[in-house]
Each structure stands twice: as structure tokens, then as C-alpha cells.
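A.B. asks: Chains as they are written, first to last, in this note's numbering: chain A, 1126 to 1586; chain B, 5 to 259. Below: one structure in C-alpha cells.
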Amino acid sequence: MDEPCKAMALAGWGRYKPAACHVYRPERRDALLSLLDGGAPGPVLARGLGRSYGDAAVNRTGSVLDMTRLNRMRSFDPETGELECEPGVSLSDIIAVFQPRGWFPAVVPGTHFITVGGAIAHDVHGKNHHRDGSFSSFVDSIDLWTPALGVVACSPTENADIFWATVGGAGLTGVILSVRLRLRRVESAYVLADYERCANIDAVLEAFDTTDENYTYSVAWVDCLATADSLGRSVLMRGNPALPNEVPPGHAGKPLRTPRRLNATVPFDFPGFVLNPLSIRAFNETFYAMSRPAKGKDVDYEKYFFPLDRVLHWNRMYGKRGFVQYQATFPPEGRAGLRAMLERCSIARRASFLAVLKKFGEAGKGMLSHPMRGYTLTLDIANAPGLVPFLGELDRILLDHGGRLYLAKDTVAAPATIAAMYPRLEEFRAVLHRVDPESRLNSDLARRTGIGLPARETHDV
Amino acid sequence: MSNASPGSLESVVIVGASSSLARAMAACFAAGDHALVLAGRDTAELEVIAQDLRVRYARPCRVLHFDALDYGSHPGFVAECTAALGAPPDGAVVCFGMLPVQEEAQEDFTVAGRCLDTNYTGAMSVLERFAGVFEARGSGFIAAVSSVAGDRGRKSNYHYGAAKAALNAFLGGLQNRLHARGVSVTTVKPGFLDTKMTWGLVLPALLVTDPERAAAIAVRGILKRRSIVYVPGYWRLIMLVIRHIPGVIFKRLSL
Ligand SMILES: Cc1cc2nc3c(=O)[nH]c(=O)nc-3n(C[C@H](O)[C@H](O)[C@H](O)COP(=O)(O)OP(=O)(O)OC[C@H]3O[C@@H](n4cnc5c(N)ncnc54)[C@H](O)[C@@H]3O)c2cc1C
Ligand SMILES: NC(=O)c1ccc[n+]([C@@H]2O[C@H](COP(=O)([O-])OP(=O)(O)OC[C@H]3O[C@@H](n4cnc5c(N)ncnc54)[C@H](OP(=O)(O)O)[C@@H]3O)[C@@H](O)[C@H]2O)c1
């Protein structure tokens, strides 16, 4: 039977310039395979929960395959913690099922509303990157549908090149059909967090470099509007998993139980004037003032890892025109660049609240994986006139200091910029030549940045 | 994982279990401590759904073949459920359904016929078999997923609506018959659901409910032994209004 198709406007989480797409949402493996085997007009692209900010999960030509209904768990081994599941399973599902049993995903980004497929396609990182690496460190194997080779089993030992091209490969090597993933044991639902204020960027980098090793999780919130001696003033939030005897008194005996709470929602687009330099400044001031230094504070995992998930549709705060998220990673020797970028932001006053700073550990093996040793700064920037030239200035600073952008966030960068930042791009393309020489897979991101294979000259007859 | 013996749990058979609504309803029953039988035509896919439910809820979950149009197989199907569970099930829930393209149903008698044969005759045929067993035992619950489309015929889908209306009348009568024997009968009437059936149709986005939410409402109503459950509840009001539009006006509307 023919799979139904829906015409809809798709964008990333930033809601920047949605594009008209044709979307299929198969509910069975057979239906997906028949779409891939020609049922869906090409080029095709898988999409998860659409939490990448830019155009990585958008494909205005051909078809988009919404994977969220292929979200069945296949097996779980309580000895090893290995979960086998379909790629549409979300981290929130995994947490809902396994957290009460004492297991948790080993790497979680700042939201749990992402799919396992999306987590692999961008090789996402969490607050423990400096200790544990990125998502792919905990992926044992995947089954990948590819246009040229059919379904290929890949892992770090089998078809390793295809595996490491798919990790971070933004959906361009194939469609992940099945994943084996190792969860991690947890003894409680809490993190014992230390909160510290750092007066400026030097202080926070100093703290990362000297004491991050004492913490499993580490991240800092940065006030991008602060200037001069206060440039980059931050609140450091670092922590370790709480032991059962360290949970709040009310929860003793039930350390895996989390507090119940209701989520708020942003029901409609905010008008443009709500977020302005004044309101953001007020927010930042308040946040900095309210973040009292504290040691060993019990924070439940939801609040610690996913504070934004408590406000559903928060991206609507930026109104109809949307926003971009800009994530820039500088190598350890690129500190001056980080400083220059913060200076540029404090003058331009475009970046809004929730700038986040973190120190990464060693890079993994994904050919296009983002994390590399150094410091990563993440900014939310509203879409307003002059945005693109402004981002161009930031890109220049980043390039000058050997840094790189993150494909899960990037929205406007040009091909030369991306190519200069990802030295293993040719290796990646060599794998594409084997798995998808005719570019049956494609995305707006790939067309914009040119990370796929060069378009062949075609002549319409 | 699924060591809990079916005997110690309440059990329910989901008839037509491969849709996203049925899968979500099965999850609600499993989360509410029920052993499950999932029945349908695509048993390979049902095995995948069953595995998922076992991993998530650690409840026993069996798969059986069932075709709504193969009426002759229905008496034997009830026996198979009993064999799989070790006892007759506590509940039976019909979820299958088919929505024909309205124009095709108008032009092609076989399409219109299949719509009635599936949505009404198939449901009637299998539920009568369960009804007999539950009536004799003096306990149990029966439910079927109908639709608000059965509340009043509209030009956009009246073949489907007519079949669901027949199902409603059947369930009403069945309830009347079984009430004295302690068996509940629930008619579930969803509005628009975000499932494969409606993917790609142009619907008012605010009135579309996702299958998980719909399932939670439906299963809660079934377990509370309600007679009619609108999904979500506001459809009761919408349909109240639609049912009371006078014929002189209604015939001019485009609904
Ligand atoms: C509030 C918030 C906080 C975030 N914090 C972090 C963070 O701390 N660290 C971090 O690394 N990221 C972070 N992100 C980004 C997010 O984790 C990634 O963009 C992730 O990839 C989103 O997953 P998704 O399921 O929404 O995928 P989508 O955005 O839908 O798709 C992303 C990519 O995955 C591909 N894809 C999806 N499914 C498949 C499949 N089955 N097979 C092949 N390819 C597939 C798509 O083609 C696309 O290229 C954050 C995002 C938000 C909204
Ligand atoms: N979607 C809506 O807006 C909406 C609104 C009101 C009511 N409903 C009702 O909700 C129920 C679930 O539908 P859905 O929306 O989830 O649509 P769906 O995905 O199209 O599901 C239809 C289901 O019916 C099954 N089925 C069809 N013919 C069958 C047969 N002869 N024998 C056995 N099973 C058969 C299918 O099984 P196979 O795997 O064998 O194909 C499938 O499981 C239906 O009763 C539908 O009428 C839906």
C-alpha cells in the first residue's frame, strides 16, 4: 500500500526560514524500506525530533522521512546495560523506562527530546564530555541502510569507516535502522552540584583547567553582555552523581524517584519586542545575582541536565522570525579568540541569555564529529537585520584561531568556512563515494555547506 | 523480563493491534499491569511491538494472527486467545478500522462494501464471540474504537461514518444485554488522531490528538467502565452541536 505523504514547512529548532518539504512518516520497518527502495522521491533524508537548530534535518527537494514512529525497543541486557532499539526512540523514552531501574544514557545533551538516530548523526556531547567523550563512545553497533550497499552492519570494528562517517555524518551516509547502545548504571536521580561565580572569563577558564577533573559534569553559564573586567563573568555549575545516601531527606530510601512537576508551555509566538537588550540584561543580572555559590547541592537530573525542557516550545519566545544558535569551539591555544568573540558579542548585544561555556576533552573518531580538545561557547542569537554579516564576523574570529562550528547548530556558514574547520572532510567524502555515489541522500545543510559529494553536471533532456 | 505469569494479571486482547493508536493503548494496559495478546494481520510487525512492550513494561505479551474479514476464523480465534493466556481474557478491545477514500466508496461498490465489512461486520463478528464467553463467565470488559464520524453522516466520509454508526448501535445493544452479567461495553469515539490514517489530510491542527494522549483517555474510560468515551472529551460538545444542526441548514454545509 502507498505510504501517505504530507506537505509541510520544516525548519530546525531555531525556526529560521522554514522550507516546504514532503514528509513521510512510516510506522513499520517494511514501510520505511519500501520508501527507501524508491517509494519516496529522492533525494531523501531522515529526520528525528527536529532539535538540531539549523537545516540539518531539512530537505526541500525530494523527501523527508520522519523517524519518530519507528521507536520500538528491541531488547535490554541488564548485565551489560546494552539496549537495542530503533533510531526513533527518544532519550526521554529511555530515561522514562530505565531511570527508575537504575540506568541512564551515558551522554545526554541539554534536551531529552532528541532521538537516538539524531544523537548519532551529530555525535552529541553532554556535560561529561571532558570525562567520557561523546554519544558514539557508547554506541556498540548500528544497522545502516545505504543506497549503494543495502543494509550494512557497522561498528568500531566492522565497516569501521562507514561507522565513523555516520557518527556525526548528519544523515548523509544512510538511514540508521537499528542501534545497540550502552546505558550507564546510576544509583540515584540526583547530581550533587557545586555552584561557583567566576568574575570574568580568565577566572572561569582557570577553574576549568585546574578543577574540572574533580567533576563528572561541568558547564558554565556566561553573561554575554558583561564588559571590561567582567567580560565573560560566569556561573559554574559542576557536579557528580549523588549516591543513594546523598539524596534529599524526603527521598531517602527511594533514591531513583524524581520530584513530580508540571511543564509550562509557550503557547504562541512572542512578539518581537519581548526579547530585547534590556529584558535580556535584566534576566542575566537576576540570574547572576540569584546563583548563590553553593557546595554539594542536590539537584535532580531533570533540573540539572534539561532545565529548558520544562518550558515546552520555548523557541517560540523568539517570535516568527526565529533565531540561530551559534556554537564555536576553540582549541586550547585559541583562548584569545574566545575572548575576542565575547568582546564582539558584548558590544553587538545580539546574543541573548543562556550562553554556555564548556571545556571539551579529547576528540573522538567521528570524521565530522564536532567536539575537539578546547573550549566551546554556545550563543542564542535572534534573527534580526544584519544577522548574517554578524555571524560572518564571528566565523572570521573562529577561523583565525583554529576553531570550528557545530553542524547541529550551524545555519548560515559558507562551504569554505566549513571545509576549513573539518580537516577530515575528504575522508568523509570517500565513504560517501562508496555508500551513496549518486547522492540519493541529501539535505539543505549538505547543499548549503557542500559537505556532500559535488553535484554532478546533469542535463535535462 | 516477562516472567510474571499471565494467570496472576488481568489480561486483555487487542484486536487489530498494529496501528499507532492500538500500540499506545496496549502500552497503557501494560503499564496498568495487564497481560496482553496482540492480534492482527501483520504478525511480523506485531512481534516488534510486542518486544517493545516487554522491554518497556516487563509484562507478558503474545502475538496472534487475526483478520477482521475472515469471519469463519473468529470463533477459533477466541479459543486461541484462551489457550495463549491459560484462561479466557478479562477484556477484548477492537481497534482495527479502515477509512476508504470517500469518492472511491461512492463509485465502487466493493470499496464501500469492504468499509462496512471491516468496520462493522468484522467488529460485530469477533465481539459476539467474546461476548458469549464473558456473559457465561459473568465478568469482563469489551470495547471498540469507533469514531465521531458515526454520530452524523457527512459528505466527506459518510460510508465510513455509516459503518461506525452501525458499530455504535451494536455496542449499545450489547451493553444493554451484558450489563446484568457484570460485563461492561465501552464505545470509544475519537475525533481526529495523528495516525497513519490521517497523515497528509488537511485537518484543523488544534483538533488533532496524538495517539499516546488519545490512548490514555480511551484506556482510562474503558477501565472505568464508561459507556461512551469521546477522545478527547471536548468532542462530545462538538458533536452535540453538529448533531443538533437542523437538517435544512445541515444539508447546505460542507462538512
Ligand atoms: C535545548 C537544546 C539543547 C541542546 N543541547 C545540546 C548539547 O548540549 N550538546 C549537543 O551535542 N547537542 C545539543 N543540542 C542539539 C541536539 O542534541 C542535536 O541537534 C540532535 O542531533 C537532535 O536530535 P533530533 O532527534 O532532534 O534530530 P534532528 O534534528 O531531527 O536531526 C538531526 C540530524 O540527524 C539525522 N538523523 C535523524 N535520524 C536519523 C536516522 N535514523 N538515520 C540517519 N540520520 C538520522 C538527520 O538527517 C539530521 O541530519 C541541543 C538542542 C536543543 C534544542
Ligand atoms: N485517525 C483518526 O483520525 C481516527 C479518528 C477516529 C477513529 N479512528 C479509528 O481508530 C482506529 C485506529 O486507526 P488509526 O487511525 O490508527 O489508523 P491506521 O493506522 O490506518 O490503522 C488501521 C488498523 O486497522 C487494521 N486493519 C484494517 N483492516 C483489517 C483487517 N481486515 N483485519 C485486521 N486488522 C485490520 C490495520 O492493521 P494491518 O496492520 O493489518 O493493516 C491497522 O492496525 C480505527 O478503528 C479508526 O477507524 C481513527
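Beta carbons are placed, not taken as given, at the ideal position from N, Cα and C, and that holds for glycine.
With respect to the alpha helix (DSSP H) encompassing residue 1540 (chain A), which residues constitute its N-terminal and C-terminal limits?
C.D. replies: Working through the first sequence from its first residue, we reach residue 1540 (chain A) at position 415. Residue 1540 (chain A) -> alpha helix (DSSP H) spans 1540 to 1546.
A.B. asks: Go to residue 1346 (chain A), then tell me how far its beta strand (DSSP E) extends in each direction, as first and last residue.
C.D. replies: If you number the first sequence from 1, residue 1346 (chain A) lands on position 221. Taken as a continuous stretch (DSSP letters only), the beta strand (DSSP E) holding residue 1346 (chain A) covers 1342 to 1347.
A.B. asks: Taking only the alpha-carbon atoms, compute the straight-line gap between residue 335 (chain B) and residue 209 (chain B) and give it to the nearest angstrom.
C.D. replies: Since the first residue shown for chain B is 5 and the last is 259, residue 335 (chain B) is missing from the structure and cannot be characterised.
A.B. asks: Interface residues of chain A around residue 108 (chain B) at Cβ under 8 Å?
C.D. replies: As a working note, residue 108 (chain B) is residue 104 in the second sequence. Within chain A, no residue comes near residue 108 (chain B); the closest Cβ sits about 13 Å away, beyond 8 Å.
A.B. asks: Contact check, residue 1170 (chain A) vs residue 1190 (chain A) under 8 Å by CB: the rounded distance?
C.D. replies: Here residue 1170 (chain A) refers to the residue found at position 45 of the first sequence. Here residue 1190 (chain A) refers to the residue found at position 65 of the first sequence. Indeed they touch by this definition, with Cβ atoms about 7 Å apart.
A.B. asks: Taking any Cβ of chain B, which residues in the stretch 1187 to 1206 of chain A have a Cβ under 7 Å from it, in chain order?
C.D. replies: Of all residues in the stretch 1187 to 1206 of chain A, 1194, 1197, 1198, 1199, 1200 and 1201 have a Cβ within less than 7 Å of some Cβ in chain B.
A.B. asks: Give every residue of the same chain whose Cβ lies closer than 7 Å to the Cβ of residue 67 (chain B), excluding the five residues on either side of it in the sequence, and list them in chain order.
C.D. replies: One-based indexing of the second sequence puts residue 67 (chain B) at position 63. 42, 47, 50, 51 and 54, listed in sequence order.
A.B. asks: For residue 102 (chain B), name the three-state secondary structure that DSSP assigns.
C.D. replies: Here residue 102 (chain B) refers to the residue found at position 98 of the second sequence. Coil.
A.B. asks: By DSSP, does residue 1422 (chain A) sit in helix, in strand, or in coil?
C.D. replies: Working through the first sequence from its first residue, we reach residue 1422 (chain A) at position 297. Reduced to three states, the DSSP call for residue 1422 (chain A) is strand.
A.B. asks: Quick one, which residues of the stretch 1478 to 1500 of chain A are near chain B if we go by CB-CB under 7 Å, in chain order?
C.D. replies: Going along the stretch 1478 to 1500 of chain A in chain order, one finds no residue with a Cβ nearer than 7 Å to chain B.
A.B. asks: Have a look at A:1220, A:1327 and A:1361 and flag the residue whose alpha-carbon is nearest the alpha-carbon of residue 1354 (chain A).
C.D. replies: Stepping through the first sequence from its first residue, residue 1354 (chain A) is reached at position 229. Comparing Cα-Cα distances from residue 1354 (chain A) to each of A:1220, A:1327 and A:1361, the minimum goes to A:1327.
A.B. asks: Is there at least one Cβ from chain B nearer than 9 Å to residue 1153 (chain A)'s Cβ?
C.D. replies: As a first step, residue 1153 (chain A) must be located in the first sequence, where it is residue number 28. Yes, residue 1153 (chain A) counts as interfacial toward chain B.
A.B. asks: Can you tell me whether residue 194 (chain B) sits near ligand 2, meaning its C-beta is under 8 Å from at least one heavy atom of the ligand?
C.D. replies: Position 190 of the second sequence holds residue 194 (chain B). Under cutoff, so the answer is yes.
A.B. asks: Any chance the CB of residue 1141 (chain A) is under 8 Å from a heavy atom of ligand 2?
C.D. replies: By one-based count along the first sequence, residue 1141 (chain A) stands at place 16. The answer is no for residue 1141 (chain A).
A.B. asks: Whether or not the stretch 150 to 159 of chain B and the stretch 190 to 198 of chain B are in contact is what I'm after, with contact meaning three or more pairs of Cβ atoms, one per stretch, closer than 8 Å; do they touch?
C.D. replies: They touch, by the three-pair rule.
A.B. asks: Based on DSSP bridge pairs, tell me the residues matched to residue 41 (chain B).
C.D. replies: Residue 41 (chain B) sits at position 37 when you count from the first residue of the second sequence. Answer is B:17 and B:66, bridged to residue 41 (chain B).
A.B. asks: Less than 9 Å between CB atoms is the rule here; does residue 212 (chain B) satisfy it with respect to chain A?
C.D. replies: Your numbering for residue 212 (chain B) matches position 208 in the second sequence. No, because no Cβ of chain A sits closer than 9 Å to the Cβ of residue 212 (chain B).
A.B. asks: The beta strand (DSSP E) that contains residue 1319 (chain A), what's its start and end?
C.D. replies: Position 194 of the first sequence, counted from the start, is the residue given in the question as residue 1319 (chain A). 1315 to 1323 is the extent of the beta strand (DSSP E) around residue 1319 (chain A).
A.B. asks: Please classify residue 238 (chain B) as buried or exposed, where buried requires at least 16 other C-beta atoms within 10 Å of its C-beta.
C.D. replies: Walking along the second sequence from the start, residue 238 (chain B) turns up at place 234. So residue 238 (chain B) counts as exposed.
A.B. asks: Can residue 23 (chain B) be considered in contact with ligand 2, in the sense that its beta carbon sits closer than 8 Å to one or more heavy atoms?
C.D. replies: Residue mapping note: residue 23 (chain B) aligns to position 19 of the second sequence, counting from 1. Because some heavy atom of ligand 2 lies under 8 Å away, the Cβ of residue 23 (chain B) counts as near it: yes.
A.B. asks: Out of B:30, B:181 and B:117, state which residue places its alpha-carbon closest to the alpha-carbon of residue 21 (chain B).
C.D. replies: Counted from its first residue, the second sequence places residue 21 (chain B) at position 17. Comparing Cα-Cα distances from residue 21 (chain B) to each of B:30, B:181 and B:117, the minimum goes to B:30.
A.B. asks: Below 9 Å between beta carbons: does that hold for residue 1266 (chain A) and residue 1305 (chain A)?
C.D. replies: Translated into the one-based positions of the first sequence, residue 1266 (chain A) becomes position 141. Translated into the one-based positions of the first sequence, residue 1305 (chain A) becomes position 180. A contact, by the Cβ cut-off of 9 Å.
A.B. asks: CB of residue 1534 (chain A) to nearest heavy atom of ligand 4: below 8 Å?
C.D. replies: Ligand 4 is not part of this structure, which contains only ligand 1 and ligand 2.
A.B. asks: Would the C-beta of residue 150 (chain B) count as close to ligand 2, meaning under 8 Å from any of its heavy atoms?
C.D. replies: Translated into the one-based positions of the second sequence, residue 150 (chain B) becomes position 146. It does: the Cβ of residue 150 (chain B) is within 8 Å (strictly closer) of some heavy atom of ligand 2.
A.B. asks: Using the Cα positions of residue 203 (chain B) and residue 1435 (chain A), report the straight-line distance between them to the nearest angstrom.
C.D. replies: As a working note, residue 203 (chain B) is residue 199 in the second sequence. As a working note, residue 1435 (chain A) is residue 310 in the first sequence. Straight-line Cα distance between these residues: approximately 29 Å.
A.B. asks: Using a Cβ-Cβ cutoff of less than 7 Å, which residues in the same chain neighbour residue 1133 (chain A) once the five nearest sequence positions on both sides are dropped?
C.D. replies: Position 8 of the first sequence holds residue 1133 (chain A). Same-chain partners within the cutoff: 1146 and 1148.
A.B. asks: Look up residue 1501 (chain A) in the DSSP assignment and give the residues it is bridged to.
C.D. replies: Numbered from its first residue, the first sequence carries residue 1501 (chain A) at position 376. DSSP output for residue 1501 (chain A) lists A:1454 and A:1483 as bridge partner(s).
A.B. asks: Within the 9 Å Cβ cut-off, does residue 160 (chain B) reach chain A?
C.D. replies: Translated into the one-based positions of the second sequence, residue 160 (chain B) becomes position 156. Not one chain A Cβ lies under 9 Å of residue 160 (chain B).
A.B. asks: When you compare the CB of residue 71 (chain B) with every CB in chain A, is at least one pair closer than 9 Å?
C.D. replies: Stepping through the second sequence from its first residue, residue 71 (chain B) is reached at position 67. No, no contact with chain A.
A.B. asks: Under 8 Å between beta-carbons, which chain A residues line up against residue 49 (chain B)? List them in chain order, please.
C.D. replies: As a first step, residue 49 (chain B) must be located in the second sequence, where it is residue number 45. Residues of chain A passing the Cβ test: 1153, 1154 and 1155.
A.B. asks: Given residue 81 (chain B), which residues of its chain have a CB within under 8 Å of its CB, disregarding the five upstream and five downstream residues?
C.D. replies: Position 77 of the second sequence, counted from the first residue, corresponds to residue 81 (chain B). Excluding positions up to five away in sequence, the list reads 43, 68, 70, 130 and 133.
A.B. asks: Mind the definition here: the stretch 1559 to 1571 of chain A touches the stretch 1269 to 1280 of chain A only if three or more C-beta pairs lie below 8 Å; say whether that holds.
C.D. replies: Yes, since at least three Cβ pairs between the stretch 1559 to 1571 of chain A and the stretch 1269 to 1280 of chain A fall closer than 8 Å, the two stretches touch.
A.B. asks: Do you know offhand how far residue 1203 (chain A)'s Cα is from residue 1308 (chain A)'s?
C.D. replies: Locating residue 1203 (chain A) in the first sequence gives position 78, counting from the first residue. Locating residue 1308 (chain A) in the first sequence gives position 183, counting from the first residue. Cα to Cα, residue 1203 (chain A) sits roughly 10 Å from residue 1308 (chain A).
A.B. asks: With distances taken from CA atoms, which of A:1256, A:1322, A:1530 and A:1184 is nearest residue 1121 (chain A)?
C.D. replies: Because chain A in this structure spans residues 1126 to 1586, residue 1121 (chain A) falls outside the shown range and cannot be described.
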